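K.L.:
Keeping their order, the protein sequence lines are chains A, B, C, D and E. Numbering of the first sequence is given in this note's numbering, commencing with residue 1 and proceeding in unit increments. Numbering of the second sequence is given in this note's numbering, commencing with residue 620 and proceeding in unit increments. Numbering of the third sequence is given in this note's numbering, commencing with residue 806 and proceeding in unit increments. Numbering of the fourth sequence is given in this note's numbering, commencing with residue 906 and proceeding in unit increments. Numbering of the fifth sequence is given in this note's numbering, commencing with residue 1376 and proceeding in unit increments. No residue lacks a Cβ here, since even glycine has one placed at the ideal position from N, Cα and C. Here the structure is a predicted model, which means the values were calculated and not measured. Take this structure first; my questions come after.
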Amino acid sequence: MSAVLWLLVLVPAAAGAVLCTVGRRADRLAPWLSVATASAVLVLAAVAGLATGVPRVEVAFVADGPFGLAVDPLAAVVAPTVGAVTLLVLLFAAGDITADRARFHGLMLLFTAAVMVTVAATSLPTLLVGWEVMGATSYALIGFWWRDDDRVSAGATAFLTTRAADLGLYLAAGAALAGGAGLGLAELPAASPGWRDVVAAGVLVAALGKAAQLPFSFWLSRAMAGPSPVSALLHSAAMVAMGGYLLLRSAPLLAATGWAATTASWVGAITAVLLGAVALAQRDLKQLLAASTSAQLGFVVLAAGTSAVAGGTAHLVAHAATKAVLFLAAGAWLSALGTKQLAGLRGAARQWPVVGVAFGVGALALAGVVPLSLWATKDAVLAGAREQSTALYVVALAGAALSAAYAGKALLVVWRGVGGGPGRRAVEQEWDSEERGSRRVGWLEQAPLVVLAAGAAVLGVLALPPVGDALQRGLGVPAEPSAGPAELALSAVLALVVLAAVARWRAPEPAWALDWLKLEPLTDAVVVRPVLALAESLARFDDHVLDAGVTRVARGGLALGRLAGRTDVAVDAAVAAVAAGTRRLGSLARRPQTGQLHQYYLQTLAVLAAGAVLLLVVT
Amino acid sequence: MLSDLVFWGLAVVAVLSGAYVFRVDSMARATYALAVSFVAVGAALLLMRLDYVGLVTVLMMVMEMAVMAVYMVMFMGMNPALMPMSMVHGNRTAVAAAVTVFVVLGGGVLLVDWPARRGVPAPDTVAALGEALMGSKMLVMMAISPVMIATMVAGIALAAPRGRYDRFGDDLRERASDPQPGGVGR
Amino acid sequence: MSLEAVLLVAAALFAVGVYGALSQQVVVMVMMGLELMVNAVVLAAAAMWWFLAPDPTGQVLLLVVIAAMTVEMAMGFAVATLLHRSRGSDMTDMAGDLAG
Amino acid sequence: MGMNEDPLALLPEIFLLAGALAVLLTGSFLPRERQWVARTVAAAALLAATVAAAAALWDAPRAVWDGTFTVDTATGVARLVASLACLLVVGLGVDELAGDPRESETYTLLLLGTAGATVLAGASDLLVLLAGFLLASIPVYGLVGLARTAGAAEAAMKTYLLGALLGITLMLGVTVLYGLAGETTYAALSARLGTAPASASLVGVAAVLGGLMFKAGAVPGHFWVPDAAQGAGGAAAAFLTSVPKVGALVAVYRLVDALPASVDARPLVGVLAVASMTLGNLAAFGQDDPRRLLGWSTVSQVGYLLVPVAVAGRTGLALPSLLLYLACYTVTNLTAFAVTSSLPGRRDLASYRGLAGARPWLAGALVVALLGLVGTPPTAVFAGKVTVTAAAWDGGSPWLAVAVIANTVVSLFYYLRWVAPVFSRGEPVERPAPGGFQPRRWAAASAVAAAAASVLLGLAAGPAWALVSQ
Amino acid sequence: MLTLIVVLPLVAAAVLATVRVSDAAARWAWLAVTLAELAAVVGVWLAYESPDAGALAFEQQVAWIPGVDSSYHVGVDGLSLPLVALTAVVFVACAIYSLHEQQRPRALAALFLFLQFTCFGLFVAADLLVFFVFFDLSIVAMYFVIAGWGHGERAARSALQFFLYTFLGSLALLLGFIGLYVLAEPHTFDMVRLTAEAPAATAGVQGGLVLAAVLLGLAVKTPTVPFHTWLPPAHTDAPAVGSAVLAGVLLKMGTYGFVRIAMPMLPSAWRAWAWVVLAVGLVSVLYGALVALAQTDLKRMIAYTSVNHMGYVVLAVGAAGLVSRSDAQAREVAVTGAVTQMVSHGLITAALFLLAGVLHRRAGSYDMGSYGGLAGPAPRFAGLFAVGAFASLGLPAFSGFIAEFQVFAGSVAATAWAAPALLGILVTAALFLRAMQQLLTGPTRGASEGFTDLGRTETTAIGSMLLLSLLVGVVPRPLLGVIEPAARSVVDAVAR
């Protein structure tokens, strides 16, 4: 069984590395190799997930932190999900991506390997390996079309933002070591109390960053510059979801500290609401979906905070399928029509019915319509929240209502007909605004949509009694409050009402939320620009001192002066003074050598006399 | 206390003539004054039963001063009678330095608690000197002799404008050619 | 006549010599100042011999001092001649090219 | 009396003096162009002295000639170093001196000066010290003036007058110490000065040190060094910045070590050491003439050499480190002078530009010498400097160790000012030197040989240390 | 064996310097010697077994200056063996990279072989004087590399500045060594005995002063803020291979001195000064990263990241001195991380400098602004640069992560005050992404047009080092297994 675990990681890693290294020469072969690999990964993940007991491997890695992989029940659910979504997305990409395929598929496979490591990690170093490589590959994938500067910088923004949050994991590692718990993930709650808080804070920050929760959400918006398959995989099923996954896995740790769980719950709930509003405000389909991802992950985070692990897991899985289908559909339209602006997508669903239906199923699931998946899973999370506090429940419920609103908005746009005439022309004007559309959607793109849509429809069972209870038992979590019929009904009605309202009246577009709560400009102003300014001024300081030093050396100043003067910001004058002083000393030392003999005599006698006096005084 | 009187007399002569060296305006006179100073000191040495050394001092110095006078006239073309001169620099500094030196040395002389005399002079000081020179301090005199050689070699090498190759040709086979007659080999 | 008295005279002679050595411009005159200083040393050595340590060593010392004076003077003449010949001057002030 | 009048104990000196006479005599009868015979005689005498000195190294230390002269390791090493150094000087001066009307006289003076240095080194009697001082000084006056240039004359005048003055203070000091101790042997000083008035003793010691500082070229007797180094001929400059120092420093050590505890001259030596190294280094800063720069550099090197003297008797490292440094310094310093002698026309640092490209071996020798003078391993001076610094610290004067290191930092700069043009690329020099770099062959060969010796001595510091510390 | 490894390059250098062989023969001979060295080092590694704490493997001792108890004493342990291996690798890469060198290749080969001799000698030295000898010789050799093969008018001046500055540091080091010698009883320069006796433990103020001198010397060489300013100009004007060796190997001499000399020989003083060291490390990390962020010249930027990366090492060894506040395990992790970081930084930065050298070879400029879109004409260059950049910013699966993770974990565990250093990896990430964006992506423009991609030798030289970094990152145990026992003995020594 341990071989399966290793293969689960190594197969995609090796295939990805080979594709990346070989480069363009492998372009033709790449899609098939990658699909085959992804299939293998799915099989391996399923085998590992279905195995009896917990398959586990471990080798020594860094000091005190072994490289450990294990597929426990939580991972047994998530890993096959990721594997399945990956396979489907890669299948889609085989049709959608036409240039630099080797690089694309290679990076995707590397990414998959990293996700598998993250899912199966049992220690902090292992987790960090997967975690950071995910970040790096996502950078490369977002910036996949590297000739466009803004796509590359979007990747950089994503990477840097998530990495800033990742520092939390490094901090947690140090704290775990200091707290005496060791670096195993399962042992973290055992750390000594003070350090345990630091560990929890570190993990929390890292997870919130990856999950694009507030205040880190903005990177997800920039990440939409990447190819749609990337969005479908990274920003729905895999990478962003891993933030939520980590929190679910760390729920005992969060609970152990108390405050961390509460914080997580509230951050999740508030993200669900605010990013819901952001989604509602978007006019770009992928932006809308991205914001909705943040909002939906908010429910997962909320679940982790309220220890509703089973509900959270179910929501995570269901959301993965749902969001993947939505992103892929958006990607299919983008490739075909050359736009992702809602204005240009009016009636797009009617053009390619398979895509349209799949999108519809996904959107309805997202809206929480009975009996589709997210309706049930969301209610499982809400039940946990209600247990915790009513306020939390109400806020989360508002988030649920908002998800119905933005899902409805998207749904209506793509399905509503535009008729002919000026309306049609207005829509067609928007086409090809972002890239040249191909006006066609191949079967390779359509097939995965169907599978994913099916998943989006039925995965709700994970949160409903028979399967849901089994999931809870499997996860080994204490019995969680499950949603009662009343709650289920309430949310079902709420979703329908909101949908109806959106259909009847147009959805409100809160302007304040249009550019993602201005989070990026804010970060720019508060963090990035001050740091850059600081860097510039430090560099100037460095050059200044340096140049001065060089000049001094050239003029005959000596290193001594520079050494003495190099201590702080105000030293420049002192440095110059010391250097000048030494030069003066040099010429001063030559002054007694006048060339006049009688002066030599006088000096000699004086020094001798002084020497005699010195001896007399000392003795 | 005759010796006291004589000593003080000699002392006054020595110091005054010493000072006179730098007051006169010709080098020749300065030379004579210096010689007088030396003779006075040499005589004072005789007072202290340093018969041989005192005599040597007097003789050496008289000879040396004669040489110096000749040297000046011959080599430097200074007619002592015609060349009044006052070539002094930093006079006040020099005076101050001299006074300081005197005060310091004199003060030291008076303040130091000099030890008592060790032993008595040998009955025949000259003989004792001879024994020391041939005995315990032989090495000193042995070392002085190469000093003399060195002085001759170095002095001639520096002072003589024309060496043997100038006079006898590069292979030393020519007849000596000197601008002025005289000298070895002529 | 006592040790202190003789040494005082020697100190006076030495001081005069110092004055000469410091104040004179002509090399030969500087040498005269030095000679006076040696003169003082001779007198002091004699006093040391007579009043403190009437040992033959003192006489040897006196001889060495006199010999030293002689050879130094001989070298002095040679150097003065050299200087006069090569620079046309026998003044120390004029020979100040080497400085700094 | 008479029991220990052992002429054989002075065999190296006898070889040197006899060699001097032989050179003088043969030189008088040699045609101008055939004075190489005299040179050969001089070299033979030096070799003989070297062999005799080396053979005597393994004798038991003893005082000879009624305690006025000591033959021990220090004397032995000083003889060895002085003789070899003089041999090297003869070698590097061949091109300069061959055919010179005063060639034979020069060799005579070199031999006499070397003998003076060894007498200084072995003297354990103030009178012998005085005689050694004269024997070491007089030839130097002559050597400086022999170049027959205006600068040489001026340098000779200054050297002479300064030497005369400090010779007088030496005599004064000897007189005072004689009066106080009643004798002049070091044994007597050691035994009797303890009960004599300390103040007078200290003044006497200071006066004696004044004279020795002239020979060593240290403050306050340093004024002549840069002038002589600049004004004298190449061989003479090389000689007078190395050989006399060997004798003078060993003599200072012997004297300071012999004095009783109540007459402790170490503080003064320490102060003079720091003053010399600091003044020498600072004054060398702005020099443009390589010879003058080296002159100042020797002043600073003497400062380092005085450091172990300032802890004489306080640590077992003091004397061995002094002797080791002396040997290392001498060979390294001669390397540098040999390079300047091989390129006599280049009298400013800039004119060495491009030497590395044109004459890599000579440039290599120069770099070895200059970096060696800084104290870069593995050249010889490094071993010397390390042990000297360790001796200072171990002898209870860490401040001297710090002073050595700090001054080394300062010195780095001006040595590098010379290295930099040597290795700078770009235009070769056409400016001052006619015909590019055409080094004199003997001097260049001497430079390379001395550089090799410098490196070898550094690598073989172990045996060398064993030699100087037996 | 070790002596053979040390001396072979010297002999080869001497032969190349004196025998007039053809340029091609010189280049190939250079490569052959470095490869032989690498093989020998691999052999040593395979035969290596961790010696007891405080002892050395492959020990050899020959008296040098017995009078001051200094000997040619060499040996390796877990601290030095990785650096010896690093030296062998970096020099092979330089030799490969220079296979097309046109500028006086014979002299360059001789000089680099000599430089390799000094590096090997330093890392295996077990005697302070021998250590110092190699320390200084490496400076001299590097001076000639920069002055002789550097580019630009300022090469001579930068070389001089480099020499002055680092030599000054070495003198402070020498003073400290002499202090150690004097404080030891009986006096000795032998590192093994000094480590065993820790003579300065009882010396109070003197021990502190000795440590101050040693620290100053090492800080200049490492370099830490504020003694780093010689580094950027030296790198900017040095040839690519010179920069690679300077950053890859020579800087390690400073950090190696911390773990080899300062910590085990001066434990009490080290503990007393640990906070200062920690603070200097912290400042170096942040300052180096921030200043690097503001650079427009690629080489200067990499140079400043060296300040940052060496700062991690200083941070970790400082944290390892906080004995009373942390447990030994955390400190051991920190020291292990520090040593790993030396190796890792050597590999990655050497590769990056060689890549920068390629820029200069092709277009004569390091200015990042004058390039753009290099990924188009030079995909291999772009790929290797991206790999190098990510490795340098501490991406897992590369050696940098192994090192930095342990540094952070150990240091933060020792004191929370080390936590701000985490920001360093964020800033480093930012600056490397920026550099990649400027150089590699966007439309192909400026100096990038007509840019020839990496040749075979260049790819081999650079790729081999990055591959090694990857290997260490994925399979760190062979390396860590060597380092850990030595790190443990260092930590134990400090805690005495």
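Where does Met620(B) land, buried or exposed, given buried means 16+ other C-beta within 10 angstroms?
P.N.:
So Met620(B) ends up on the exposed side.
K.L.:
Provide the residue(s) that pair with Ala121(A) in DSSP beta bridges, ordered along the chain.
P.N.:
According to DSSP, which records beta bridges pairwise, Ala121(A) is partnered with Leu69(A).
K.L.:
Give me the Cα-Cα distance between Gly1138(D) and Val999(D), rounded to the nearest whole angstrom.
P.N.:
Approximately 12 Å, taken between the alpha carbons.
K.L.:
Applying the criterion that 16 or more other CB atoms from any shown protein chain within 10 Å of the CB defines a buried residue, is His235(A) buried or exposed?
P.N.:
Answer is buried; the Cβ neighbour count reaches 16.
K.L.:
DSSP three-state label for Val969(D), please.
P.N.:
In the structure shown, Val969(D) sits in a strand (DSSP, three-state: E or B).
K.L.:
Would you call His1475(E) buried or exposed, if buried means 16 or more other Cβ atoms sit within 10 Å of its Cβ?
P.N.:
By the 10 Å Cβ count, His1475(E) comes out exposed.
K.L.:
Taking only beta carbons into account, state which residues of the region 707-740 of chain B come closer than 9 Å to chain A, listed in chain order.
P.N.:
Those would be His708, Gly709, Thr712, Ala713, Ala716, Thr719, Val720, Val723, in chain order.
K.L.:
Could one say the Cβ of Ala1223(D) lies closer than 9 Å to chain B's Cβ atoms, at least one of them?
P.N.:
No, its Cβ sits nowhere closer than 9 Å to a Cβ of chain B.
K.L.:
Helix, strand or coil: which one does DSSP assign to Ala1500(E)?
P.N.:
Strand at Ala1500(E).
K.L.:
Who are the Cβ neighbours of Gly474(A) in its own chain at under 6 Å, not counting the five residues just before and after it?
P.N.:
Closer than 6 Å at Cβ, skipping near neighbours: Pro73.
K.L.:
Are there 16 or more other CB atoms within 10 angstroms of the CB of Thr306(A), so buried, or fewer, so exposed?
P.N.:
Result: buried.
K.L.:
For the beta strand (DSSP E) that contains Ala1559(E), what are its first and last residues?
P.N.:
No beta strand (DSSP E) contains Ala1559(E), which DSSP labels as neither H nor E.
K.L.:
Rounded to the nearest angstrom, what separates Gly1175(D) and Ala1156(D) at their Cα positions?
P.N.:
Roughly 16 Å between the two C-alpha positions.
K.L.:
Hey, is Gln596(A)'s beta-carbon within less than 9 Å of any beta-carbon in chain C?
P.N.:
Cβ-Cβ to chain C under 9 Å: yes for Gln596(A).
K.L.:
Under 7 Å between beta-carbons, which chain D residues line up against Trp1439(E)? List them in chain order, please.
P.N.:
Those within 7 Å of Trp1439(E) in chain D are Ala1366, Gly1367.
K.L.:
Against Tyr690(B), what residues of chain C qualify as contacts under a CB-to-CB distance less than 7 Å, listed in chain order?
P.N.:
Near Tyr690(B) (Cβ distances below 7 Å), the residues of chain C are Phe882.
K.L.:
Quick check on Gln429(A): does DSSP put it in helix, strand or coil?
P.N.:
Note: Gln429(A) maps to helix in three-state DSSP.
K.L.:
May I ask which residues mark the beginning and end of the beta strand (DSSP E) holding Ala1438(E)?
P.N.:
That run of the beta strand (DSSP E) goes 1432-1440.
K.L.:
Based on the DSSP output, what are the partners of Glu435(A) in its beta bridges?
P.N.:
BP columns for Glu435(A) are empty, so no partner.
K.L.:
Any idea if Gln864(C) is buried or exposed, counting beta-carbon neighbours within 10 angstroms, 16 or more meaning buried?
P.N.:
Buried, by the Cβ-count rule.
K.L.:
Residues in the same chain with beta-carbon distance under 7 Å from Leu285(A), minus the five sequence neighbours each way, listed in chain order, please.
P.N.:
Around Leu285(A): Ala330, Lys340, Leu342, Leu345, Ala410.
K.L.:
Buried or exposed for His319(A), please, with buried defined as at least 16 other CB atoms from any protein chain shown within 10 angstroms of its CB.
P.N.:
His319(A) is buried by the Cβ-count criterion.
K.L.:
Enumerate in chain order the residues of its own chain whose CB-to-CB distance from Leu185(A) is below 8 Å, with the five nearest sequence positions on each side excluded.
P.N.:
Closer than 8 Å at Cβ, skipping near neighbours: Ala121, Thr122, Ser123, Leu124, Leu127, Arg249, Ser250.
K.L.:
Using a threshold of 9 Å, state whether the C-beta atoms of Phe1507(E) and Leu1548(E) are closer than that.
P.N.:
In this structure, Leu1548(E) lies closer than 9 Å to Phe1507(E) by Cβ.
K.L.:
The beta strand (DSSP E) spanning His1448(E) covers which residue range?
P.N.:
Per DSSP, His1448(E) belongs to the beta strand (DSSP E) from 1445-1451.
K.L.:
Taking the alpha-carbon positions, what's the Val1467(E) to Leu1621(E) distance?
P.N.:
C-alpha separation (whole angstroms): 14 Å.
K.L.:
For chain C, is any of its Cβ atoms less than 9 Å away from the one on Tyr1397(D)?
P.N.:
Nothing can be reported for residue 1397(D): it is not among the residues displayed for chain D, which extend from 906 to 1375.
K.L.:
Give, in chain order, every unbroken run of the alpha helix (DSSP H) that is at least 4 residues long and sits entirely within the region 1633-1669 of chain E.
P.N.:
If we require 4 residues or more, the alpha helix (DSSP H) runs fully inside the region 1633-1669 of chain E come out as 1642-1668.
K.L.:
Quick one: residues in its chain with C-beta nearer than 8 Å to the C-beta of Glu1515(E), no 5 flanking neighbours on either side, listed in chain order?
P.N.:
The sequence given here places Val at residue 1515(E); Glu does not occur at that position. The answer, listed in chain order, is Phe1538.
K.L.:
Given a cut-off of 9 Å, decide if Leu608(A) and Leu1115(D) are closer than it, judged by their beta-carbon atoms.
P.N.:
Note that residue 1115(D) corresponds to Gly in the displayed sequence, not to Leu. Cβ distance < 9 Å, so Gly1115(D) and Leu608(A) count as in contact.
K.L.:
Roughly how many angstroms lie between the CA atoms of Ser1351(D) and Thr1240(D), to the nearest whole one?
P.N.:
About 7 Å.
K.L.:
Do Tyr1046(D) and Gly932(D) have their beta-carbon atoms positioned less than 9 Å apart in this structure?
P.N.:
Result no, Cβ atoms of Gly932(D) and Tyr1046(D) do not sit closer than 9 Å.
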